[in-house]
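Just below is one structure, and these are the notes that go with it.
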Amino acid sequence: MSVIKKIFELAEGKKNLRFMEVCGTHTVSIFRAGIRQILPPNIELVSGPGCPVCVTDDEFIDKSIAYAKKSDVIIATFGDMLKVPGSQENLAEVQAEGANIKIIYSPLDCLKIAAENPDKKIIFLAVGFETTAPTAAATILAAKNSGVKNLFFLSAQKLVPPALKMLLNDPAVKVDGFLLPGHVAVVTGTKIFNFLSSDYTIPSVATGFEAEEILLAILNLLKQIDENSAEVANEYKSVVKPEGNISAQKILSQVYETVDVNWRGLGEIKNSGLKVREEFSDFDIEKILPVEVEKISKKTACRCGEVLRGIISPPECPLFGKNCQPLHAVGPCMVSVEGVCAAWFKYKLAQK
């Protein structure tokens, strides 16, 4: 019996169910495979705060821009950070005005940039989840061991489990199960998500990114609901282990400590961010060269925060596809290729 047929059989007669994928790559894969179109009408897939670019707040962007405008600074960043809006402008705009901003593909690329530019301060914009944070930590360790003195980090790295707790404590959020991010689970393992079943009785499944893997995860969620059970299941056993990647976790804990941080559209979440530990403070640009940025309250019709909590779908935002499009994004959800709004815009148009 096919997976899809089993899904239909288990979904029959059940209430409307909302499953949240907590990964931008899952969002894109679901659209690319047309999974929403083939599911029973009583199963709805909603997207959560799984795009690190989308949840990076204005203050971080404003600080990045303030550093970029200094003549002795080179900003190193992933490309999808360029058009994330700050309170007044974005990095692409200041780059066009002459700021020295280099696109990199790995934090380790910063070591070469630092060696080639000894008279400049190289500042890496460390944005990401548990997936990329170990590489950033490894870069700091490599820089320390090599005696690199001109490489610094501006950190906005975030942790997924505290965000899930925040969502489940929000009465406006209605979720019946989670598709857990496979890449994150490779590092963290599945045990770290056990609170979903023990504290909230919410079924969850760690899964990969192929269509069949996602469908198997949906089937697993339905089986748990059918059996009135809740567990943290694993449909990505080839790479995800219960204990995760111990080596990566050790590097993270060696270099970083957890702090309360602000998520764009979600607010401050306790112990959801990573901060460079005091013993590595020589690499923390905010310790070496702090900048003050004015906090500016923006009034906008963008409803990205509600999109990131799965309260509304992107087309329900009044700006979606009109004032807000990938080339002229108003909100961060439309900027990154893994942003929820960007995926809806691209694939919904393709499916018309």
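Residue numbering for the sequence shown is 635 to 986, as defined by my numbering.
Virtual Cβ for every residue (Gly too), placed ideally from N, Cα, C.
- With fewer than 16 other Cβ atoms inside 10 Å of its own Cβ, T934 counts as exposed.
- Its Cα nearest to that of A749, the residue A776 stands out among A776, L725, Y739 and E655.
- Under the three-state reduction of DSSP output, N803 falls in the coil class, being neither helix nor strand.
- Following the DSSP letters along the chain, one finds R666 inside the alpha helix (DSSP H) bounded by residues G658 to A667.
- When I695, A840 and N905 are compared, the shortest CA-CA separation from T892 is found for N905.
- A direct Cα-Cα distance of roughly 17 Å separates T835 from N868.
- Bounds of the alpha helix (DSSP H) holding F642 are V637 to A645.
- Ranked by how close their Cα comes to the Cα of S740, the residues A726, D753 and T765 have T765 in first place.
- By the CB criterion at 8 Å, I709 and S698 fall inside the cutoff.
- Here V809 is not bridged, per DSSP, to any residue.
- Collapsing the DSSP output to three states places D860 in a helix.
- For the options D706, Y701, A726 and S705, the alpha carbon positioned closest to that of F712 is the one of A726.
- Here the alpha carbon of F917 sits roughly 12 Å from the alpha carbon of A772.
- Contact holds between the segment 786–804 and the segment 674–689, because three or more Cβ pairs, one in each stretch, are under 8 Å apart.
- In this structure A733 is in contact with A702, their Cβ atoms being roughly 4 Å apart against a cut-off of 8 Å.
- A direct Cα-to-Cα measurement between F653 and E693 gives close to 31 Å.
- In this structure the segment 960–973 does not lie against the segment 641–656, because fewer than three pairs of beta carbons, one per stretch, are closer than 8 Å.
- A straight line joining the alpha-carbon of K717 with that of E972 spans about 14 Å.
- In the structure shown, P752 falls within a coil segment according to DSSP collapsed to helix, strand and coil.
- For N957, there is no enclosing alpha helix (DSSP H), since its DSSP letter is neither H nor E.
- Short of 6 Å from the beta carbon of G762, and not among the five residues preceding or following it, lie these beta carbons of its own chain, in chain order: P686 and Q791.
- Its chain contains M968 and F979 as the residues whose beta carbon lies nearer than 8 Å to that of Q959, once the 5 sequence neighbours on both sides are disregarded; these appear in chain order.
- Taking all protein chains in view, the Cβ of K783 is surrounded by fewer than 16 other Cβ atoms within 10 Å, so the residue is classified as exposed.
- Put simply, the backbone Cα of K825 is about 36 Å away from that of E950.
- Under DSSP, no beta-bridge partner is assigned to D692.
- If you draw a straight line from the Cα of V821 to the Cα of I859, it comes to about 27 Å.
- The alpha-carbon separation between W897 and F642 amounts to approximately 37 Å.
- The segment 875–882 makes no contact with the segment 847–857: fewer than 3 CB pairs, one atom from each, lie closer than 8 Å.
- Selection G658, I903, E940 and A845 evaluated against Y870 yields A845 as nearest (Cα-Cα).
- Non-local beta-carbon contacts of K932 in its own chain, meaning distances under 7 Å to residues more than five positions away in sequence, involve S721 in chain order.
- DSSP places T892 within a strand segment (E or B) once states are collapsed to three.
- If you keep only unbroken beta strand (DSSP E) runs of at least 3 residues inside the segment 761–839, you get 785–791 and 811–815.
- Going by beta carbons, I638 and I672 fall inside the 8 Å limit.
- Around the beta-carbon of G816, 16 or more other beta-carbon atoms lie within 10 Å, marking it buried.
- Separation of I747 and I756 (C-alpha to C-alpha, rounded to the nearest whole angstrom) is 7 Å.
- Pairing P674 with T659, the inter-Cα distance amounts to about 22 Å.
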